[in-house]
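Take 138 as the starting number for the sequence shown in the numbering used here and just add one per residue. What follows is a single structure, written as structure tokens, with notes after it.
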Amino acid sequence: MPRHIYNCSEGCPVESTLQIISGKWKSVIIYHLIKKKHCRFNELQKLMPNCSRRMLSLQLKELKSDQIIDKTIFPTVPPKTSYQLTALGETLTPLILEMEKWGDKYNQLHE
138 MPRHIYNCSE
148 GCPVESTLQI
158 ISGKWKSVII
168 YHLIKKKHCR
178 FNELQKLMPN
188 CSRRMLSLQL
198 KELKSDQIID
208 KTIFPTVPPK
218 TSYQLTALGE
228 TLTPLILEME
238 KWGDKYNQLH
248 E
């Protein structure tokens with residue numbers, strides 16, 4: 138699978154990171170995969186009811202293309218698929234969990 142090199146200003150790893158995890162639902166998908174380890178498509182859909190099936194599918198494809206998640210297809214009838222973080226995706230865990238903490242603090246301030 139081809140690796141993507143994101144051209145950002147020299148010394149701008151934040152921009153490079155944001156190019157990978159930006160998108161309305163990508164960070165949320167990563168968060169759920171951190172918490173649950175693996176999820177099927179319908180499980181993710183239930184966890185994110187405001188995300189359309191089309192958008193979820195698109196975000197999953199982009200995360201897979203960027204090697205953040207893997208998709209496992211089980212040889213059953215009908216076929217079952219499961220999504221999980223790759224080793225590279227797991228390196229985002231501290232970042233996503235810090236985002237969770239920050240979001241909790243922000244929400245408490247604005248209740």
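All residues carry an ideal CB built from backbone N, CA and C; glycine is no exception.
Among the options, nearest to residue i - alpha-carbon criterion
{"i": "I158", "options": "L234, R177 and L229", "result": "L229"}
{"i": "C176", "options": "V151, K217 and R191", "result": "K217"}
{"i": "E235", "options": "R190, S164 and K174", "result": "S164"}
Residue j beta carbon less than 7 angstroms from that of residue i
{"i": "I171", "j": "I233", "result": "yes"}
{"i": "Q196", "j": "G160", "result": "yes"}
{"i": "H169", "j": "L155", "result": "no"}
{"i": "Y221", "j": "D207", "result": "Note on identity: in this sequence residue 221 is Gln, with Tyr being the wrong assignment. It is a contact, given that the beta carbons lie within the stated cut-off."}
{"i": "T209", "j": "S219", "result": "yes"}
Neighbour-count burial assignment, residue i, 16 or more Cβ in a 10 Å radius
{"i": "W162", "result": "buried"}
{"i": "L200", "result": "buried"}
{"i": "L246", "result": "exposed"}
Spatial neighbours of residue i in its chain, beta-carbon cut-off 8 angstroms, leaving aside the 5 residues before and after
{"i": "E115", "result": "An answer regarding residue 115 cannot be provided, because it is not within the stretch 138 to 248 covered by the chain."}
{"i": "Y243", "result": "none"}
Cβ-based neighbour list, residue i, same chain, cut-off 7 angstroms, excluding 5 preceding and 5 following
{"i": "K174", "result": "Q221"}
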